[in-house]
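Participant: All residue numbers for the first sequence refer to our numbering, where the first residue is 36 and numbers rise by one.
Please read through the structure below; I'll follow up with questions.
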Amino acid sequence: MNKDAKYDPAKIEKKWQKKWTKDKLYQSKEDPKKEKFFVLDMFPYPSGEGLHVGHPKGYIATDIISRFQRMHGKSVLHPMGFDAFGLPAENYAIKTKTNPIDSVAKNVARFKEQLEIIGLDYDWSREINTTDPAYYTWTQWIFLQLYKKGLAYESFEPINWCPVDKTGLANEDVENGRCERCGALVEKKPMRQWVLKITDYADRLLADLDIKKPNGETLLDWPHSIKEAQRNWIGKSEGAEIEFTLKLANNKPRFVLIHGYAGSPEHGFFPWLKKELEKRGHEVQVPELPHPNNPKESEQVDYVINNCTLDENTVIVAHSLGGVVAQKVIMKLNKKISGLVLVGTAITPGFSKEAKSRPFHKNFTWDFDYARINKLAQGRVAVLSDTKEIHRVAFLKDLASKLSGAFIETVAMKEHFNGAEEPAVLKCVTPSVSVFTTRPDTIYGVTYIVLAPEHPWVSELLPQLENKSEIEAYIAQAKLATEIERTDAKKEKTGVELKGIKATNPANGEEVPVWIADYVLADYGTGVVMAVPAHDERDFAFAKKFGLPVKTVIEPLVIRDQGLDAIKKDLPFSERRAVVCIIKHWSEEKYLMSFYKKNGWKGFIVGGLEGDETAALAGAREIQEETGYSSAVFVKDIGKVHSQFYHEVKKVNRFAHFEVAYFELKNSDCQDTSEEEKQLHDVVWLSPREVEEAINREDIRLAWDFFKKGPCFSGDGFLINSEKFTGKHSDSIRKDITLSVGGQWVNKYKLRDWVFSRQRYWGEPIPLIHCKKCGVVPVPEKDLPVKLPKVKSYEPTGTGESPLADIHKWVNVKCPKCKSPAKRETNTMPQWAGSSWYYLRYMDPKNKNALVDPKKEKYWAPVDMYVGGAEHATRHLIYARFWHKFLYDIGTVSTTEPFMKLQHVGLIMGEDGRKMSKRFGNVVNPDDIIKAYGADTMRLYEMFMGPFDQQIAWSTSSMVGVRRFIEKVWRLQEKVIDLKTKSTKLPKDRVVSERSDSGASYAGLEEDSVLGASNRILHKTIKKVTSDINTMSFNTAVSTLMIAVNELEKTESISRAQFELLLKLIAPFAPHVAEELWYSMGNKTSVHITTWPVYDESLIVETEANIIVQVNGKVRASFKADINMGEGELEMRAKEIPEIKKWIEGKEVKKVIVVKGKLVSIVVV
RNA sequence: GCCCGGGUGGUGAAAUUGGUUAUACACGCAAGACUUAAAAUUUUGUGGCCGCAAGGCCGUGUGGGUUCGAUUCCCACCCCGGGCACCA
C-alpha cells in the first residue's frame, strides 16, 4: 500500500467489503471447540422509504460487539433478516398498486444494498424473511401446536376494531383508545376471532423477569425500564375474591325443603340450610315426611301438598328421594312454582347395578313429564351432583338435560350431600356475585356494590327489577361509548341503581344497594366491585354524586422513616392524643398556619389532649394560648390521623393520635402571646393554595385533605367499626379478613388474551379448516404451509371478513377428517407472529424437517445480546417470551427465556430535534453520508454521539470530528518505524508467524525507552475500550481511542507492534480503515480474525499519586507521593508544605483525614 | 394520579462504593501560523462574574440538610422524557 496516499474511504471500503464476502470471513459455524456468541438485531420491516441514518445505529453496535467477540475467539452468530408481513407492507402495496409479494422483494433488495455499504459483518447465508413460505410454514406449525394445547381458541367477544385499517386489533395495538398505527379511534365490534391464551403464561412472564442464576445474578440483563413496562402491562394484583349474596326485594321466595329416604328435617344439611335461609329473611318449611324408612309415593306427595304452601313464590329444594317426591308433587299439583333444586336425586332402579335395592324402588313410579315439570318450575331448574358419586353423576347429567335445567357438578362436603353444611346447595338457591378487591380490609366500609354494565347477571336479573327501562337505556349507552369515552378517569361518574335488589355484606350481614356503572370494567377481576367510598377515590366520587353513604373504617397511620424526623429504632415511643386545629379567618378565605422554628415543621396549631378531654375543648384552649385569638368557635370534627415520628425538640419517638378539628374565628380579637410561644413558632394566615404549598408533613397534609377534599383515604392504617378486627392494622389482616368472610386469596392480571386474527390479506393464513360436520379441524402438519394465494385484489373488505374469503378456489377445501366440503379459516395472523420466534430460525435457517435442529438450538441458544428499540417493550418482547416459553413446554427449545441481555437503541432525531420523517423533511440518508464521509466515519460518529440508549439529534457538521480522528490514524502510519533498522521503510512482505499473536496474552510490544510511554497509553486504552464495549459505552470507548491517538501523534515515532495494537482496537469500530492499514503493515490475513489484545496490569499501575491537601474543606496545595505511602507519612508531608503551614499556623488542628493515595484533609479551628 | 428514568459549558456530552482543583473527548466560537486567497491542516484560548494583572468570588435544575469534604447521600419542590392509567 502506498502510505503517502490520502485517506479515501470510497476507494478502500468497497474493496474490503468485496474481499470479506469472497473470503466468507463472517460465516458462522457450530464449532464445538469454541464458545458461542449470539448477537441479534431486531430485524427491520423493509419499508418502501429505505433506511434513514437512525436505523443502522443498533446494527453498528451489534457489529462492534460481534467483531469484538470474534476477536475473543468465539464462534459468533450475527444474522439479519426481514419482517415483511403486516399492514405497512400491505398498505404500501395498495398505494403503489403492486402486489406485496413484489414490493417486499424490491424493498428487501434496497435495504440489503444500504446495509452492505456500512460494512456490517452479517452472515447473509442465514438471511430469513417472514413472508417466505419456507419460513411461515413454521409460524403456522407453532400455531397448530398452540391450538392442540388449547392455547388458541375461537372467541365471539367484541374486540377492538380499527375502522381505518379495517381489522381487529390486539389490546397491545391500542394506545389510549386509538389504533397505534393510524391513530383512528378504536371501536368495539363483536366478531369471530382467534385468540391466544397468553394469560395462561402471565404468572411466568412476570416471575421470570426476576429469576436468578445460580450465582445470584438476575438471568435477564434487561433495562430496568423495559422490565418495569412489562410488569405494568401484565399488571398483577393480589387480592380477595369474596361472594356477596343477592336478594330480590319483591318476590322473596319461600322455600320448601324435602328430605329423602330415611331422612328427616333434623338430618344432614337441613337444619343448617333452614337457618341460613331464614337468616336471609326467607320463610322456610321443612315437612317431616311420613314413614321415611318405608316411603310410599302417594302418601309422601300428598303430605307435601297438604302441609306446605306451594305457589308461584315457592322454591322447592329436594334431596335424594325427596327429589322424586318433589317432581311428583309438581306434576300432581299442576300449578306454577318459583323453582326447583334437585340435590343428588334418587336413581331409577336398574340404572346402575351398583345401586342397592331400596323399598322405594317398588313403592314409587318412575315416569316423569319432564317438559311439564320444567314449565311449571318456570324454567328455573337446577340439578346438583356430587362428583364422588360416580354412578349417579351420569344419571343426573341426563336428568338435567331432560329437565332443560342447569347441571351443577360439585364436590360435596360429605358423599351424597350428607354433610351438616353443604354450601353448594345454599349457593345454588341464593344468587350471588363475586367481587375482586385488593382491599378486603375495608369490607366493613362497603356501602354499595357495582356491577359492570355488561355483567351477565344484569340481564339475568332484569325481568325482576323495578327500573328495567332505565337500566336498559344505561347499558345501551355504555355499549355505544368508545373505549376512550368509557375509560376517561376524569369524566363524571355515571350509573344506575338496580332497584329491587340488594346485596348482603358477608362480613356484617348488612344489606347494601346494587348499582351498575361503567367505571367498573367487565373484563377485569370479576366485573363486580365492592364499593368503599371512604377508602377508594373512585367509589368516593361515585358516592358523592349519587348521595350514597360513606363509612370510615380505617384511620391513617403515618410512619416517618426517612429524613430528620425518622423514628429512631432504639428509642421507645411516647404515645399521646393531640388536636390539630384548622382555623378559618373571621372574614377571608384564609387559614392559620404555624411555622415551627426549631425543626422547620409547617403545619397547624397542635396541642395535647389531657385525660379524656375533647378535641373541641383542648383546641379552643390551645388557640388562645399559642396564637392569642380568643374568638375561636369549634365547628366540627374532621377525622383522625395517627402518626409516628421522631420529635427533634423533645428528643422522643412520638406516637401521636391526632384529632383534626375545624374552628372559625368570630372576630379579630387577639391578645399578645407569651415570649416563649413567640420563640417557638410564627403564625401566618394563608390562602388554601398557600397552605397546600407550605405543609411539609404527611400527617398534617392528610388532615388538610380530609378537611378540604372529604373523608376519603386510600392508604393503610388502623381499622375502626370492623367488629373483631377493630384496632388491627389494615396491612396485617387482609388475608385473615378474607378467610373470615369465606373469600379466597387470588391473583388477577391486567394482561388480556392475545387477539390473533387480522381481517387482512398480507399475513400468515391461520392453518385451520371449518367443517360443518367436524367443526374446527387443524390442517395436517404434512400439508403445511398453507400458502397465501397470490391474487390481484386484496383490499380489506371492512365487513370483518378477510379478503381471502372471496377467493373461492382457495377457501373451499375438503375436510381433512371426513372429506366432506369445508372452508379454510380466512383470518390471517398479526404482524407480530413471525417476529415472535425468528431468532430461532437463524440457528438453522434451511431446515425442512424441523423448526430448528435440537443440536443447533442447544449450541446457539439463547440469544446473548439483543439490541433494538424500546418501543417493543410490551409487544414483540412479551409475545416472543410467551411463544418461547410455550416452545420450551413442548420441548422445541431448551431455555426458558429467549434473550439474555437486552439493550435499547436511543433514537436518532432529525437535526431539528424532531423525529426523522418524510413529513418534516429532516430525513438524513446514510447513502449520502457514506458517499461524503465514508462508512467508517458514519459508524464512529453514531457511536460517539452520546450514550447509546439515549435519544440524540443528528448533526452532520459534528461528524468532521471523527473524520479527523480517522485521518489522524491514517497519518500515524508515517510514524511507524522498524525497530531493528530504525527505518520508516517497512519490509513489503512479512511472514505471518513472525508476529503470531494467537494465545491470550499480548506481550508483543517491544521494550524500548523511547516507546515506553506509548506502551503505557496503549495498555490503558486496551483496558478502557474493552470494558466500554462490554458495557456498551461506545461513546467513551471512541473518546478513549481519540485520546490515545492524540498522545501517539505527539511522539516522534511508534513501533509497528504499537500501531498494529491500535488498529486492532479500532477494528470493530472502523473495520475498513483498520483493515487497510493492517494490510499495509504487511499482514496477509484480516485484522478481524486476529486476537483482541490483553493489557498488562503492571504497565498501567500508577506508582506515584498526586495527593491533594485540603484545609477546612478547601484545596490549598498538592504534592506527589508514592501510591503506597502510609497515612502517617502523608500527614507529615502535608503539614510541611509552606502553603499549608500558612493556613494552619497558630490554629488548633482539630482533625486530620487521610485517604491513602488521594488526599489529606486538615480541619482547624 | 401511580411507577420508572433524567436535569452538568454556546452544543453532543465525561466523571457518581462521597475524596486529586468539576466540565474528559468532540463540535462550535475567537485569535495566530501556512496560503495571493479560500479550503484543508496546525498552534493557542474557551463555565460565569470582577480585575491591567496577580488573584478573588460564584458555579452540576431550585431550596434546605448531613459531612472535614456533596455533581454523587437525605428531605421538599420544579422541569423534561418514558410506561401504566376508572385495573377495584
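No residue lacks a Cβ here, since even glycine has one placed at the ideal position from N, Cα and C.
The structure presented is a predicted model; accordingly, all values stated were derived computationally and were not measured.
1. If the criterion is Cβ atoms closer than 9 Å, does the pair Thr909 and Asn211 meet it?
2. Report the three-state DSSP secondary structure of Tyr829 (helix, strand or coil).
3. Tell me whether the beta-carbon of Leu308 lies closer than 9 Å to the beta-carbon of Val352.
4. Between which two residues does the alpha helix (DSSP H) holding Gln175 run?
5. Taking all protein chains shown into account, decide if Thr1138 is buried (16 or more other Cβ within 10 angstroms of its Cβ) or exposed.
6. Between the region 66-77 and the region 889-903, do three or more beta carbon pairs fall short of 8 Å?
7. Tell me, to the nearest whole angstrom, how far the beta carbon of Arg102 is from that of Ala1102; I am working on the premise that it is less than 8 Å.
8. At the level of alpha carbons, what is the spacing between Arg954 and Ile925?
9. Enumerate in chain order the residues of its own chain whose CB-to-CB distance from Glu489 is below 6 Å, with the five nearest sequence positions on each side excluded.
10. Between the alpha carbons of Lys314 and Gly544, how many angstroms are there, rounded?
11. Rounded to the nearest angstrom, how far is the Cβ of Ala361 from that of Thr482, given a contact under 8 Å?
12. For Phe690 and Val718, I'd like the C-alpha separation in whole angstroms.
13. Closest to Ile100 by CA distance: which of Val418, Trp1127, Cys197, Trp173 is it?
14. Three-state secondary structure (DSSP) at Val811?
15. In the region 748-807, which residue ranges form an unbroken beta strand (DSSP E) of at least 3 residues, counting only runs that do not cross its ends?
16. Which of the three DSSP states, helix, strand or coil, is assigned to Glu610?
17. Between which two residues does the beta strand (DSSP E) carrying Lys34 extend?
18. Gly642 and Ala653 - do their beta-carbons sit closer together than 9 Å?
19. Where does Ile551 fall in DSSP's three states?
20. Buried or exposed for Ala1038, please, with buried defined as at least 16 other CB atoms from any protein chain shown within 10 angstroms of its CB.
21. Kindly identify the DSSP beta-bridge partner or partners of Trp229.
22. Would you call the region 964-977 and the region 284-302 touching, i.e. three or more CB-CB distances under 8 Å?
23. Count the other C-beta atoms from every protein chain shown that fall within 10 angstroms of the C-beta of Val1136, then say buried if there are 16 or more, exposed otherwise.
24. Tell me Glu450's beta-bridge partners as DSSP assigns them.
25. So for Asp245, helix, strand or coil by DSSP?
26. Could you tell me which residues DSSP pairs with His302 in its beta bridges?
27. Helix, strand or coil for Ala1035 per DSSP?
28. Is it right to say Lys1176 is buried, meaning 16 or more other beta carbons lie within 10 angstroms of its own, or is it exposed?
29. I need the straight-line Cα distance from Lys38 to Ile987, nearest angstrom please.
30. Beta-carbon within less than 7 Å of Glu830's beta-carbon, same chain only, minus the 5 sequence neighbours each way: which residues are those?
31. Using DSSP with H/G/I as helix, E/B as strand and the rest coil, what is Lys619?
32. Grab me the residues of Lys534's own chain with a C-beta within less than 7 Å of its C-beta, minus the 5 sequence neighbours each way, in chain order.
33. Could you give the DSSP three-state label for Gly996: helix, strand or coil?
34. Please give the ranges of any alpha helix (DSSP H) in the region 368-412, keeping only runs that are unbroken, at least 4 residues long and fully inside the region.
35. I'd like the ranges of any beta strand (DSSP E) spanning at least 3 consecutive residues and lying wholly in the region 576-611.
36. Can you tell me whether Pro325 is helix, strand or coil according to DSSP?
Facilitator: Judging by the given coordinates:
1. no
2. Residue state, collapsed to three classes: coil.
3. yes
4. 168-183
5. exposed
6. yes
7. 6 Å
8. 47 Å
9. If we look at Glu489 and ignore the five residues flanking it on each side, its Cβ neighbours are Ala557.
10. Between Lys314 and Gly544, the C-alpha separation is close to 9 Å.
11. The Cβ separation is near 39 Å, so there is no contact.
12. 25 Å
13. Trp1127
14. strand
15. Runs of the beta strand (DSSP E) lying entirely within the region 748-807 and spanning at least 3 residues, in chain order: 752-754, 779-783, 803-806.
16. strand
17. What the structure shows of the chain is the stretch from 36 to 1200, and residue 34 is not part of that stretch, so it cannot be assessed.
18. Yes. Within cutoff.
19. DSSP places Ile551 in strand when its eight states are reduced to three.
20. Bear in mind that a pLDDT of 39 at Ala1038, under 50, signals an unreliable position, so the model cannot answer this.
21. Glu189
22. no
23. Val1136 comes out exposed.
24. In DSSP, Glu450 forms no bridge with anything.
25. helix
26. Paired residue(s): none; His302 is not in a bridge.
27. In this predicted model, Ala1035 has a pLDDT of only 34, less than 50, meaning its place in the structure is not dependable; the value taken from the coordinates is given anyway. In this structure, DSSP gives Ala1035 a state outside helix and strand, which the three-state scheme calls coil.
28. exposed
29. Bear in mind that a pLDDT of 48 at Lys38, under 50, signals an unreliable position, so the number given afterwards is only what the model happens to contain. Their backbone Cα atoms lie some 37 Å apart in a straight line.
30. Ile129, Pro838
31. strand
32. Leu500, Glu501, Asn502
33. Annotated three-state conformation of Gly996 is helix, per DSSP.
34. 395-398, 405-411
35. 589-594
36. In this structure, Pro325 counts as coil in the three-state DSSP scheme.
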